[in-house]
Amino acid sequence: MVHFILGNHEILNFHGDHRYNRGKYIKAAQEISQINDKKEAIKYLYSNQTELGKWLATKNVIEKIGDYLFVHGGLSPELLDYELDLSTINNMVRFRFSGLKDPNDTLVNFLYSSKGPFWYRGLVMNRYTYSKISLLELEEILSYYDVQKIVIGHTPVETISTDFNGKVIKIDVRHGTKSFPGRTKGLLIENCEEFVIDAYGTKRRLQY
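In UniProt numbering, the protein residues as written are 1 to 208.
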């Protein structure tokens with residue numbers, strides 16, 4: 001089973017922010033939409049007028065699979081103040097990018113903020129608006145959502161690696177521009193064991 005987690009780039013595209021799109025994709029959006037304006041063309045491509053837009057609109061920002069929680073950016077300690085279950089988070093995020101009226105502007109604004117699941121980097125580093133999460137804060141999040149580990153992207157790392165004794169797994173490695181580059185790697189979870197796998201299918205156990 002393949003799961004797709006929405007990230008910040010998808011959210012930007014829903015609103016027509018095309019800065020992170022390569023030229024060929026903007027051109028494709030213009031051709032498909034027959035709209036010259038780049039912003040409006042990208043908005044159309046990711047709208048409910050296209051199969052891509054309708055498919056993306058069904059996806060979640062957070063997925064729980066077994067003992068793992070998968071999220072693009074991360075979960076901040078402040079999230080627990082709202083006492084939200086995962087289904088509520090996913091549904092409330094979906095309201096905004098689907099163009100529906102927000103049921104709770106304050107809450108939805110938080111979910112889209114720098115401490116929300118799309119943008120939060122505190123599982124990896126300090127930021128100018130917050131410090132890196134503490135082990136106690138992390139364990140409170142893990143306990144609340146009844147998981148053992150969080151897998152994150154968004155914050156680039158040199159290689160797939162862990163922090164907090166394996167409780168945080170960081171997978172946003174930079175990829176090469178050519179086919180089968182040595183830099184491209186992924187996380188493979190197999191029979192409750194974690195491996196780093198490369199483009200050739202070679203795998204090694206993930207080190208804590």
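C-beta atoms are modelled at their ideal positions from N, C-alpha and C, and glycine is treated no differently.
Distance check between residue 165 and each of 200, 134, 128 and 23 places 134 closest, using alpha-carbon atoms only. For residue 161, the enclosing beta strand (DSSP E) begins and ends at 161-163. When rounded, the separation of the alpha-carbon atoms in residue 123 and residue 168 is 7 Å. The beta carbons of residue 147 and residue 68 sit closer together than 8 Å. With a cutoff of 8 Å on beta-carbon distance, residue 61 and residue 117 are scored as near each other.
Per DSSP, reduced to three states, the secondary structure at residue 85 is coil, with no helix or strand assignment. Take residue 120, set aside five residues on each side of it, and the residues of its chain with a beta-carbon closer than 6 Å to its own are 73, 74 and 76, in chain order.
In the DSSP annotation of this structure, residue 171 is not part of any alpha helix (DSSP H), being labelled neither H nor E.
For the 8 Å CB-CB criterion, residue 185 and residue 159 form a contact. Non-local C-beta neighbours of residue 194 in its own chain, meaning closer than 6 Å and more than five positions away in sequence, comprise 206, ordered along the chain. If you draw a straight line from the Cα of residue 88 to the Cα of residue 189, it is about 27 Å long. Per DSSP, the beta bridge partners of residue 127 are 130.
Using a Cβ distance threshold of 8 Å, residue 141 and residue 153 do not count as a contacting pair.
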